[in-house]
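Residue numbers (the working numbering), protein chains in the order written: chain A, 4 to 339; chain B, 283 to 367.
We put the beta carbon where it would ideally sit given N, CA and C, even for glycine.
All remarks here apply to the structure that follows.
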Amino acid sequence: MWTGEVVKLLRENFICVSVDSRSEWARKDAVGDMVRRTKCVTVTANGKTAVITPQGEKLEECPWNTPGVFAASIRKALQKWQNLPEEQRRAGQESKLVSGSTVRKGPAGRPSPPPGALVVAVYQRRFIRAAEGQLRYLEQSDCNPGEGQHRWRQLREAARDFMWVPENEWKALIPKTPQPGQKVPIPTTFALRLFRFHLDPHRGLGEGIEFAHADLSAGQLSLVVESVQGDRVLLRLEGEAHLEAKKPEGYTTTYAPRILGYIQADTKSGRLTRFDMLAFGEESGTPRKLLPGTHLLGIVFELIENPKESELVYPRGARDDLRSYLEPASKLAQSR
Amino acid sequence: MKRTVVWSWGWMLLGAAVLSARPPQSLNADNYATLRQQIKPQPGESRYWEIPWLLSLDEALRRGAAEGKPIFVFSGAGGPPHAFC
Numbered sequence: 004m005w006t007g008e009v010v011k012l013l014r015e016n017f018i019c020v021s022v023d024s025r026s027e028w029a030r031k032d033a034v035g036d037m038v039r040r041t042k043c044v045t046v047t048a049n050g051k052t053a054v055i056t057p058q059g060e061k062l063e064e065c066p067w068n069t070p071g072v073f074a075a076s077i078r079k080a081l082q083k084w085q086n087l088p089e090e091q092r093r094a095g096q097e098s099k100l101v102s103g104s105t106v107r108k109g110p111a112g113r114p115s116p117p118p119g120a121l122v123v124a125v126y127q128r129r130f131i132r133a134a135e136g137q138l139r140y141l142e143q144s145d146c147n148p149g150e151g152q153h154r155w156r157q158l159r160e161a162a163r164d165f166m167w168v169p170e171n172e173w174k175a176l177i178p179k180t181p182q183p184g185q186k187v188p189i190p191t192t193f194a195l196r197l198f199r200f201h202l203d204p205h206r207g208l209g210e211g212i213e214f215a216h217a218d219l220s221a222g223q224l225s226l227v228v229e230s231v232q233g234d235r236v237l238l239r240l241e242g243e244a245h246l247e248a249k250k251p252e253g254y255t256t257t258y259a260p261r262i263l264g265y266i267q268a269d270t271k272s273g274r275l276t277r278f279d280m281l282a283f284g285e286e287s288g289t290p291r292k293l294l295p296g297t298h299l300l301g302i303v304f305e306l307i308e309n310p311k312e313s314e315l316v317y318p319r320g321a322r323d324d325l326r327s328y329l330e331p332a333s334k335l336a337q338s339r
Numbered sequence: 283m284k285r286t287v288v289w290s291w292g293w294m295l296l297g298a299a300v301l302s303a304r305p306p307q308s309l310n311a312d313n314y315a316t317l318r319q320q321i322k323p324q325p326g327e328s329r330y331w332e333i334p335w336l337l338s339l340d341e342a343l344r345r346g347a348a349e350g351k352p353i354f355v356f357s358g359a360g361g362p363p364h365a366f367c
C-alpha cells in the first residue's frame, strides 16, 4: 500500500502524524473534542488513516489496507483541500485548536526518551534454511495457512523497534582507564532490558511481548576492551540467550541467539561514538503460529546519533510501564 | 573470508535466491557485517518510513496551519502505527 506514489504524495502535500488513538481519544481538550467529533483516529484494533484540515475538519478517510483505493483516496483528499477557499488554505495561520505553550511536542500521554539516553534502532528478520544449509528470505509457501498466508509479505520484511539506553547505563560501559583485555561489568538493567524486551520474536507481528518474565539466568553477556588508541576505546560485547515462553494455546516460543556487538567511545569527551549489536539464532514456535518449525531470527541494534522525530517513538517495551523498561528489576535478586 | 551477497532488484522480485555462499549460522566477527546488512531493511521495503512522521497531533495541526497543508493522520490502537505495525 505504501507505494512510491503514496510516499511522494504524502511527503509533498501533507503534514503526516502517527499517533496512538487511545491517547488522543481520551484527551480532555479541544483536540480531544475534535478527535471524537471527526473520528479521525481509529476506534477499533485496526489502524486507520484520515485527512483533516489544520482547523480540525475531516476531509477524507483513506483505507490504507485496501489495495488500489489508498492512493486514490489520498488524491481525493488533496483535491478536497485544494477546493477549499484560499483563506482557509493559506500558510502563516494558527490552528484554533492549539496555540503557543499548549502545543504538545511529544506523543500525547506517552513517554519520550530520558535526557541523555541513547536511541538505538532495532531491526529484525527471519531466514529460512535453503538447500545445503544456505539461507534465504522467507516465501509465502513457508508460512502456515490463515494469518501466515495473509501476512507473509510483512513476515518477510525487516520489523522495527527502538531501544533506549539510559545515560547512567551507557556511561557505565566505558571504563575510565581502559586497558586491552579488561573486562567491564555490564549493568544488570541493560541485560534484563535486552532479554525481556529486545530479543522478542513478536516485533513486526503485533503488540505482544514474548519474554517479559525473563531473568538474568536467561542468558549471559560479557564486555571486554578490544583496543585502546589514544582517547578512543573499542569494546566487544559477546554473549548468548536462551529464551522460552509457554503459550496458553499449547505451544512454546523459543529464541536462542548468539550475541555480538561493538561499543566505541571517546574517553576524553565521554561520548559514545559506536553502539551496535547483532543477535542471531534459532527461533521456534513463531508467535501466533505464523511459521511452522524452526528457522533463524536475526536482530540488529544500531545507534542513531541524531534521531528524527519519527525515531523518537517509544520502544514497544516502554509503552505500558516506562519504569519497568528503564529500570527492570531482577526477580532472582528480589527473592533473595 | 568475506562472503559475497548476491543482491539486485531482480533478486528482490524473485526472492528465492540464496543469501550467502555458506551458512552464517554461527555468528562471528567475519559474518557480522554481512548478516547485519541482510537483516536491515532493503530497498523498497517499509516505505512508510520514508515519510517524516510527527508524533504529536498538536504539532501537526500547528505546522499544517503555518505551512498551509492538510494533515494526514495515521492512527493505531496500540501505539503510533508507523512503529508498531
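Please work out which residues of its chain come closer than 6 Å, Cβ to Cβ, to residue i, disregarding the five sequence neighbours upstream and downstream, and give them in chain order.
i       : result
K271(A) : D234
V227(A) : K186 and R239
P305(B) : At P305(B) the pLDDT is 42, less than 50, meaning the model places this residue with poor confidence; the figure from the coordinates comes in the next sentence. Cβ within range, chain order: n/a, list empty.
H205(A) : G211, E213 and P290
I307(A) : V122, A124 and E314
G207(A) : A162
R329(B) : none
W173(A) : L121 and L275
Excluding the five sequence neighbours on either side, which residues of its own chain have a C-beta within less than 7 Å of the C-beta of residue i, listed in chain order?
i       : result
T191(A) : L219 and S333
A2(A)   : Residue 2(A) lies beyond the stretch modelled for chain A, which goes from 4 to 339, so this question has no answer here.
N147(A) : K292, L293, L294 and P295
E150(A) : R291 and L293
Do you know offhand how far residue i's Cα is from residue j's?
i       : j       : result
E170(A) : V72(A)  : 46 Å
A248(A) : T255(A) : 6 Å
E314(A) : F165(A) : 8 Å
A268(A) : V125(A) : 20 Å
A259(A) : E243(A) : 7 Å
T289(A) : R139(A) : 17 Å
F349(A) : A221(A) : Beyond the ends of chain A as shown, which are 4 and 339, falls residue 349(A); an answer cannot be given.
I321(B) : D32(A)  : 43 Å
S290(B) : V303(A) : Note on S290(B): pLDDT 33, under 50, position unreliable in the model; no value is reported.
G119(A) : D145(A) : 43 Å
A53(A)  : E286(A) : 37 Å
A311(B) : G136(A) : 20 Å
W331(B) : H364(B) : 7 Å
S98(A)  : S76(A)  : 24 Å
A282(A) : D340(B) : 38 Å
R129(A) : E241(A) : 21 Å
S338(B) : G320(A) : 20 Å
G284(A) : M37(A)  : 48 Å
A303(B) : E142(A) : With a pLDDT of 40 at A303(B), under the threshold of 50, the modelled position of that residue is not reliable, and the figure given next carries that caveat. Distance between the alpha carbons of A303(B) and E142(A): 19 Å.
E330(A) : S26(A)  : 24 Å
Q319(B) : G301(A) : 11 Å
G7(A)   : E327(B) : 11 Å
T276(A) : G264(A) : 13 Å
T41(A)  : W28(A)  : 11 Å
Q96(A)  : V44(A)  : 24 Å
R326(A) : W167(A) : 12 Å
V46(A)  : S21(A)  : 15 Å
Could you check if residue i is buried or exposed, using at least 16 other CB atoms within 10 Å of its CB as the buried criterion?
i       : result
L87(A)  : exposed
N313(B) : buried
K179(A) : exposed
P318(A) : buried
P334(B) : exposed
A134(A) : exposed
G50(A)  : buried
D324(A) : exposed
S308(B) : exposed
S357(B) : buried
P117(A) : exposed
Enumerate in chain order the residues of its own chain whose CB-to-CB distance from residue i is below 8 Å, with the five nearest sequence positions on each side excluded.
i       : result
Q91(A)  : T56 and Q58
A194(A) : L219, G222 and L224
Beta-carbon of residue i versus every beta-carbon of chain C: anything under 8 Å?
i       : result
G301(A) : This model lacks chain C altogether; the protein chains it does include are A and B.
Could you tell me which uninterrupted beta strand (DSSP E) segments, each at least 3 residues in length, are contained entirely in the region 136-209 of chain A, listed from first to last along the chain?
Uninterrupted beta strand (DSSP E) stretches at least 3 residues long and entirely within the region 136-209 of chain A occur at 162-168, given in chain order.
Near-chain B residues of the region 41-59 of chain A - C-beta to any C-beta below 9 Å:
So the list reads C43, V44, T45, V46, T47, A48, N49, G50, K51, T52, A53, V54, I55, T56, P57, Q58 and G59, given in the order they occur along the chain.
Contacting positions in the region 316-340 of chain B - beta carbon closer than 7 Å to chain A
Taking 7 Å as the Cβ-Cβ cut-off against chain A, the residues of the region 316-340 of chain B that qualify are L317, R318, I321, K322, P323, E327, S328, R329, Y330, E332, I333, P334, W335, L336, L337, S338, L339 and D340.
What residue ranges within the region 219-300 of chain A form continuous alpha helix (DSSP H) runs of no fewer than 4 residues, ordered along the chain?
Secondary structure remark: continuous alpha helix (DSSP H) runs of at least 4 residues inside the region 219-300 of chain A: none found.
According to a CB-to-CB cut-off of less than 8 Å, which residues of the region 10-35 of chain A neighbour chain B?
Per Cβ criterion, the list reads V10, L13, R14, N16, F17, I18, C19, V20, S21, V22, D23, S24, R25, E27 and V34.
Cβ-based contacts, 7 Å cut-off: residues of the region 235-261 of chain A near chain B:
Across the region 235-261 of chain A, CB contacts with chain B closer than 7 Å involve R261, in sequence order along the chain.
Residues, ordered as in the chain, of the region 68-98 of chain A that lie near chain B by beta-carbon distance below 8 Å
Here the close residues are I77, A80, L81, W84, R92, R93, A94, G95, Q96, E97 and S98.
Pick out the complete alpha helix (DSSP H) segments inside the region 72-105 of chain A, 4 residues or longer, and give them in chain order.
For the region 72-105 of chain A, whole alpha helix (DSSP H) runs of length 4 or above, ordered along the chain, are 73-86 and 89-92.
Please list, in chain order, the residues of the region 309-339 of chain A that have any C-beta partner in chain B closer than 8 Å.
Here the close residues are K311, E312, S313, L315, V316, Y317, R319 and R322.
What are the residues in the region 181-209 of chain A lying within 7 Å of chain B by C-beta distance?
The residues in question: there are none.
For the region 276-297 of chain A, enumerate the residues whose C-beta is nearer than 7 Å to any C-beta of chain B, in chain order.
Those residues of the region 276-297 of chain A that come within reach of chain B (Cβ to Cβ, closer than 7 Å) are L281 and F283.
In chain order, what residues of the region 148-162 of chain A put their CB closer than 7 Å to some CB of chain B?
Cβ contacts with chain B: E160 and A161.
Counting only runs of 4+ residues fully inside the region 4-42 of chain A, write out the alpha helix (DSSP H) ranges in chain order.
DSSP runs (the alpha helix (DSSP H)) wholly in the region 4-42 of chain A: 7-16, 24-28 and 33-41.
At a Cβ cut of 8 Å, what residues of the region 120-133 of chain A count as close to chain B, listed as they run along the chain?
Across the region 120-133 of chain A, CB contacts with chain B closer than 8 Å involve Y126, Q127, R128, F130, R132 and A133, in sequence order along the chain.
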